[in-house]
Amino acid sequence: MFAERLQAAQRGVQDALDAALAGRAEVPVVHAMRYASRGGKRLRAFLVLESAALHGIPAPRAMPAAAAVEALHAYSLVHDDLPCMDDDDLRRGLPTVHVRWDEATAVLAGDALQTLAFELLADPVLGPAEGRVALVRALARASGTDGMVLGQALDIAAETAPWPLTLAEITALQAGKTGALITFSATAGALLAGTDPAPLAAYAGALGLAFQIADDILDVEGDASKAGKKLGKDAAAGKATFVSHLGLDGAKRRARALIDEAEAALLPYGDAADCLREAARFVIAREN
2 MFAERLQAAQ
12 RGVQDALDAA
22 LAGRAEVPVV
32 HAMRYASRGG
42 KRLRAFLVLE
52 SAALHGIPAP
62 RAMPAAAAVE
72 ALHAYSLVHD
82 DLPCMDDDDL
92 RRGLPTVHVR
102 WDEATAVLAG
112 DALQTLAFEL
122 LADPVLGPAE
132 GRVALVRALA
142 RASGTDGMVL
152 GQALDIAAET
162 APWPLTLAEI
172 TALQAGKTGA
182 LITFSATAGA
192 LLAGTDPAPL
202 AAYAGALGLA
212 FQIADDILDV
222 EGDASKAGKK
232 LGKDAAAGKA
242 TFVSHLGLDG
252 AKRRARALID
262 EAEAALLPYG
272 DAADCLREAA
282 RFVIAREN
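Shown next, in the form of structure tokens:
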């Protein structure tokens, strides 16, 4: 069930992003936006659609929110790959945007993908204005200095810090850099329905941390051809990670424990949340 629904989310959100970018000016920045918004696991979009389904909201109505978080995620990757940030030349097995075009185009494409996300959240298909405003507020907080941007800033600062980050500091950093958008995605359905997002927020908090631990594990023992990006960078840079603190086996145990926490948080939803439980198990079994 999970694999089929993830694939459906991947197809649906790609169609939505393609439609959103259709008819725009045929200039390099728009070409770069299309390029950057293709591919990927689409886990965030999947979480939006599944959280909506839990609240009786059909996929077509929730799709603009799913596309919005993927547009914002794409922007973050474009900017993260820049020479002034993580300085990567490969993403999803392809040249990064600044390599394929140039740095200025990459900056502008990222900026435009970010604004596209909020344009998508204004779509009346999502329902009453109150729900749309709640989504806009939540995504802004998750992506700004209360979430993703703060996490990235802390990550950059850590590169020149006089000592490695502690485990608690890494956990806080990743709660912003990776976890905040995952939390937005998993609670989007509750926000649209106007119900309590707390159980899904608890699920997402554990899921997001497990996702990052899995990334750290993949950086050590993953296959670069499957990951679609360079691996081993953290160790080469002497960067503190969950693996460097906990060891490889300890990191795997911690990730499994977090998945147990995520699954337990879904108890209020009963069997209706089984697909989200499968998604949690996927996070630590993935190869990219």
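With this note's numbering applied, the sequence shown corresponds to residues 2 to 289, in that order. Even for Gly, the Cβ is constructed at its ideal location relative to N, Cα and C.
Item, Value
"Mind reading off the beta-carbon distance from A169 to T188? Whole number of angstroms is fine, and I expect it under 8 angstroms.", "No, A169 and T188 are not in contact; Cβ-Cβ is about 24 angstroms, not under 8 angstroms."
"If V79 sits next to L114, beta carbons under 8 angstroms apart, how far is it from one beta carbon to the other, in whole angstroms?", "7 angstroms"
"Let me check one thing: in DSSP terms, what residues is L95 bridge-paired to?", "R92"
"According to the Cβ coordinates, are G132 and L192 closer than 8 angstroms?", "yes"
"Following a CB-centred definition, is A181 positioned closer than 7 angstroms to any heavy atom of the ligand FAD?", "With respect to the ligand FAD, the structure shown offers nothing to examine, as it has no ligands at all."
"Below 8 angstroms between beta carbons: does that hold for F47 and A256?", "no"
"Would a C-beta distance cut-off of 8 angstroms place T196 and H56 closer than the cut-off?", "yes"
"Pick out whichever of R142, T97, V100, A107 has its Cα sitting closest to the Cα of F119.", "R142"
"Report the three-state DSSP secondary structure of S290 (helix, strand or coil).", "One cannot answer for residue 290 here, as it falls past the ends of the chain, which runs 2 to 289."
"Can you confirm whether the region 99-118 touches the region 33-41 when touching is taken to mean that 3 or more C-beta pairs between the two stretches lie within less than 8 angstroms?", "yes"
"As a quick exercise: from L219, P200, I214, pick the residue whose alpha carbon is nearest that of L267.", "P200"
"How many Å lie between F243 and S186 at the Cα?", "24 angstroms"
"Please say whether L249 and I218 have beta carbons closer to each other than 8 angstroms?", "yes"
"Using the beta-carbon count (16 or more within 10 Å), is G145 buried or exposed?", "exposed"
"Which of the three DSSP states is assigned to H56 in this structure?", "coil"
"Going by the beta-carbon positions, is the gap between D124 and P198 smaller than 8 angstroms?", "no"
"Taking a contact to mean a Cβ-Cβ separation below 8 angstroms, would you say A252 touches I214 in this structure?", "yes"
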